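Student:
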Amino acid sequence: MIITRRQARRPLTSSSSRRPGSLVRTATGVVGLASVAATVWLGLWVTPPSTNLGQLVRLLYIHPPVAWVAYLAFGVTAAASLLYLWRRTRSVVWDRLAAASGEVGVLFCGLTLVSGSIWGKATWGVWWTWDARLTSTALLFVLYLGYLALRRVPSDPGTRAKRSAVAAILAFADVPISYLSVYWWKTLHQTGTVLNPQRQVHVHGLMAWTLLLGFCAFTLVYAWLVAHRYAVEALAERQQGEGLARALAERRAEGRAA
Amino acid sequence: MAVASARSRGRLEHPRRLWVVGVIIVAAIGFLLAKGLGSSINYFETVNQAVALRSSLGTTTFRMEGVVVRGTVHQTSRGTDFSMRSHGVTVPVVNTSSPPQLFAPGRAVVVVGHFARGTDKFLSNEIMVKHSANYVAAHPNRVKPGANGSS
Amino acid sequence: MSGLIDAGYSVVLVSVAAYSAAVVYRHRSLARSLPPPTPDAEPEEEGEWQ
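Residue numbers (the working numbering), protein chains in the order written: chain A, 1 to 258; chain B, 1001 to 1151; chain C, 2001 to 2050.
#1: Is the Cβ of F1044 (chain B) closer than 8 Å to any Cβ of chain A?
#2: Could you check where the alpha helix (DSSP H) with S2015 (chain C) kicks off and where it finishes?
#3: Have a look at A78 (chain A) and L107 (chain A) and give me their C-alpha separation to the nearest angstrom.
#4: Is it right to say A257 (chain A) is buried, meaning 16 or more other beta carbons lie within 10 angstroms of its own, or is it exposed?
#5: Which value, in whole angstroms, describes the spacing of the CA atoms of W224 (chain A) and T137 (chain A)?
#6: How would you call Y1043 (chain B), buried or exposed, if buried means at least 16 neighbouring beta carbons within 10 angstroms?
#7: Is it the case that the Cβ atoms of T1076 (chain B) and H1114 (chain B) are separated by a distance below 8 Å?
#8: Report the residues of the stretch 142-165 of chain A with a CB closer than 7 Å to any CB of chain B, ordered along the chain.
#9: From G1036 (chain B) to S2010 (chain C), what does the alpha carbon distance come to, in whole angstroms?
#10: Return helix, strand or coil for K186 (chain A), following the three-state DSSP convention.
#11: Starting from S54 (chain A), trace the alpha helix (DSSP H) both ways and give me its first and last residue.
#12: Which chain B residues are close to S136 (chain A), counting only those with a beta carbon under 9 Å from its beta carbon?
#13: Give the C-beta separation of T1080 (chain B) and E1065 (chain B) to the nearest angstrom, bearing in mind that I take them to be a contact with Cβ-Cβ under 8 Å.
#14: Starting from P1015 (chain B) and walking both ways along the alpha helix (DSSP H), at which residues does that stretch end?
#15: Residue ranges of each alpha helix (DSSP H) run of no fewer than 4 residues wholly in the stretch 122-187 of chain A, ordered along the chain?
#16: Mapping DSSP to helix, strand and coil, what is N1042 (chain B)?
#17: Look up V1111 (chain B) in the DSSP assignment and say whether it is helix, strand or coil.
#18: Taking 8 Å as the threshold (C-beta atoms), are S2002 (chain C) and Q55 (chain A) in contact?
#19: Assess, as a yes-or-no matter, whether the stretch 29-49 of chain A is touched by the stretch 89-106 of chain A under the definition of 3 or more beta carbon pairs within less than 8 Å.
Next comes the structure, spelled out in structure tokens:
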């Protein structure tokens, strides 16, 4: 067997993926995938239809968990941003975590809007309506899309990190507004199924367990995605650093040649 | 780390693209804030609120919420007529759209439309079915499935 | 109407799967293109940067 340089190097690089942290990450991914599969199986085939929604109840096991992950992700972004801004805890770790969680949050917020729109068409009869919950969630999506765009504005990394941290914290103000909108204002959207302030869940047996599983499943997938996205952020920073060192070396070589 | 401008740039990092993206996002935030502070704060009037505001509402279009009164749903050539009730106040609705799948007597609905001039009727061209966050397993043996639907 | 339910499940699962694949692929290719962060591995990897 001919071992090329690239193949020979592979064990070297993949040895980093055998660290305990990576094992936890892989385990999270595997358990997350399995629980998403179980949620889908229970949600589509095993759980009974409900009295008021019939078969249309089935998006219950997907839409609220996805929405919860969006809130959670933006919460992690805001918390990491606070830790970055606070001098005693300032570290590039928090900036990377905020970036990683923010991107995953935008994905899940977008999926909250899409799955909600589909569920709305099936149950309410409309794809969209401008009630407070829908409007504030759409705003949340655009605010964090803006956060991701702001992160792309070329600037000194320290400045960028501070600027994005402030933006992430400001944008987070819309999370409690979106969550509490169904209690503060009259909306078409129903009130919170699980995370309601009364802490009362009106979901029957297996349906409730499937919903709980859905929450756990998508939270695990979120954690796994953020772990990978964080590693990408860290590696991209290193690549930029090395690219810069190479550019400087080339510039110096050009200078010598001239 | 100090000089970021020398780093390789992705597609979005082109200055002009960033400007376009920035303008679109700021415009979208402004639009959503206007929508939120406009139509979202008072998304609907309940039937009793609408009747109380009858003179000031005139024939302006708004959303009205109430429960579909049992025994009042009639199919017409143009759509479905029914009565809506909230807090003891009832208003007859003349609707010219096909109701959603879950539309049924006893359920809470939001209708879009306006009061007809000179009558107590509400003319609607859109029905949205409201439902609560109670998810109760349907029992096949129950006499009346959906009897405790949202109210 | 249950076609809408299937569509809701599909759009969520497909999007999350596609994003996951993109992130894992990016992670793998970056990890492969960059040498492991050991000081003595640096000089001989210079050749990788064409």
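Note that CB positions come from ideal geometry on N, CA and C, so glycine has one too.
A quick note: this is a predicted structure, and the numbers were derived from the prediction, not measured.
Tutor: Per the coordinate set shown:
#1: Chain A contact via Cβ: present.
#2: Following the DSSP letters along the chain, one finds S2015 (chain C) inside the alpha helix (DSSP H) bounded by residues 2002-2033.
#3: Computed Cα separation, rounded: 16 Å.
#4: Result: exposed.
#5: When the Cα atoms are used, W224 (chain A) and T137 (chain A) turn out to be separated by approximately 24 Å.
#6: The residue is buried, with at least 16 neighbouring Cβ atoms inside 10 Å.
#7: Between T1076 (chain B) and H1114 (chain B), the gap from beta carbon to beta carbon reaches 8 Å or more.
#8: Residues of the stretch 142-165 of chain A with a Cβ closer than 7 Å to any Cβ of chain B, in chain order: V142, L143, L145, G146, A149, R152, V153, P154, S155, D156, P157.
#9: Take the alpha-carbon of G1036 (chain B) and the one of S2010 (chain C): they are about 30 Å apart.
#10: For K186 (chain A), the secondary structure class from DSSP, reduced to helix, strand or coil, is strand.
#11: Here residue 54 (chain A) is Gly; the residue named in the question, Ser, does not match the sequence. DSSP places G54 (chain A) in no alpha helix (DSSP H); its state is neither H nor E.
#12: For S136 (chain A), the chain B residues whose C-beta falls within less than 9 Å of its own C-beta are L1032, G1036, S1040, listed in chain order.
#13: With a Cβ gap of about 17 Å, T1080 (chain B) and E1065 (chain B) do not count as contacting.
#14: Per DSSP, the unbroken alpha helix (DSSP H) holding P1015 (chain B) starts and ends at 1015-1035.
#15: For the alpha helix (DSSP H) assignment, the uninterrupted runs of no fewer than 4 residues enclosed by the stretch 122-187 of chain A are, from N- to C-terminal side, 132-152, 157-172, 174-184.
#16: It is a strand residue.
#17: In this structure, DSSP gives V1111 (chain B) an extended state, which the three-state scheme calls strand.
#18: Taking the C-beta atoms as reference points, S2002 (chain C) is found nearer than 8 Å to Q55 (chain A).
#19: No: fewer than three Cβ pairs fall under 8 Å.
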